[in-house]
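*Asks:*
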Amino acid sequence: MAEECAEVIIRVNHPRLGHFYHYRIPEGMEKPVPGTRVTVPFGARVAEGWIIGYSAPEPGITLRDIIDFDRGEPDFTEEILKLANWMAGYYLHPVGQILDSISPPRKPKKPLPIFSSPSAAPQLRLPKFILTAE
1 MAEECAEVII RVNHPRLGHF YHYRIPEGME KPVPGTRVTV PFGARVAEGW IIGYSAPEPG
61 ITLRDIIDFD RGEPDFTEEI LKLANWMAGY YLHPVGQILD SISPPRKPKK PLPIFSSPSA
121 APQLRLPKFI LTAE
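Reminder that position 57 of the sequence shown reads as 57 in this note's numbering, one-by-one numbering, no gaps.
1. Quick one, are the C-beta atoms of V38 and I66 less than 8 Å apart?
2. From E4, R11, G53, M29, pick the residue whose C-alpha is nearest to that of S103; which is it?
3. I'd like to check one pair, W50 with L83: are the Cβ atoms closer than 8 Å?
4. Closest by CA to E48, which one among T62, D75, G89?
5. For D153, which of helix, strand or coil comes out of DSSP?
6. Could you tell me the distance, in whole angstroms, from the CA atom of I80 to the CA atom of P34?
7. Give the single residue among F129, T132, Y23 whose Cα lies nearest to the Cα of I61.
8. Near C5, which residues of its chain fall below 8 Å by C-beta distance, leaving aside the five closest residues on each side in sequence?
9. Measuring CA to CA, which of K110, H19, G72, Y91 is closest to I52?
10. Could you give the distance in angstroms between the alpha-carbon of E30 and the alpha-carbon of S116?
11. If we require 3 or more residues per run, which beta strand (DSSP E) segments fall completely within the stretch 42-103?
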């Protein structure tokens, strides 16, 4: 019997790549829950995607390992994944593009700067307006 592998939808904007790919979970790596964002090898590059489930791949398929995954909460719940699959069928659109559209924003690579108002701002006096019937 074949090993159970992760079904990963790749975050690629191409209509022919709307199906999932099987990836092996490396030894020592905990099993991510469906809806988790993962980093996987895809062709000659590294791509992001989401695990949508687990199944045994067809025999003869060359499997590659998941590189890494988000350790926080998954991006999608089971219900959202079911909704995305329904939307893909109803609107005839690839699931990967739907998940990309509804996914939370990526975390910034470096912290965003925090700007504060100048110290002179509290000293400004704004005129008071009175509402009239005119």
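Every residue gets a Cβ at the ideal spot worked out from N, C-alpha and C, and that includes glycine.
*Replies:* On the basis of the supplied data:
1. Locating residue 38 in the sequence shown gives position 38, counting from the first residue. Locating residue 66 in the sequence shown gives position 66, counting from the first residue. Yes.
2. Locating residue 103 in the sequence shown gives position 103, where the first residue counts as 1. Considering only alpha carbons, the answer is R11.
3. Position 83 of the sequence shown, counted from the first residue, corresponds to residue 83. Position 50 of the sequence shown, counted from the first residue, corresponds to residue 50. Cβ distance not < 8 Å, so L83 and W50 don't count as in contact.
4. As a working note, residue 48 is residue 48 in the sequence shown. Among T62, D75, G89, the Cα nearest to that of E48 is on D75.
5. The question about residue 153 has no answer, for the chain in this structure spans 1 to 134.
6. Here residue 80 is taken as the residue at index 80 of the sequence shown, counted from 1. Here residue 34 is taken as the residue at index 34 of the sequence shown, counted from 1. Using only the alpha carbons, I get a separation of about 11 Å.
7. Locating residue 61 in the sequence shown gives position 61, where the first residue counts as 1. Closest by alpha carbon: Y23.
8. Against the sequence shown, residue 5 aligns to sequence position 5. Taken in chain order, the residues that qualify are H22, Y23, R24, I25, Y54, S55, A56, P57, L63.
9. For the purposes of this step, residue 52 is identified with residue 52 of the sequence shown, where counting begins at 1. Here the closest residue by C-alpha is H19.
10. Taking the sequence shown and counting its residues from 1, one reaches residue 30 at position 30. Taking the sequence shown and counting its residues from 1, one reaches residue 116 at position 116. E30 and S116: Cα-Cα distance of roughly 42 Å.
11. 45-55
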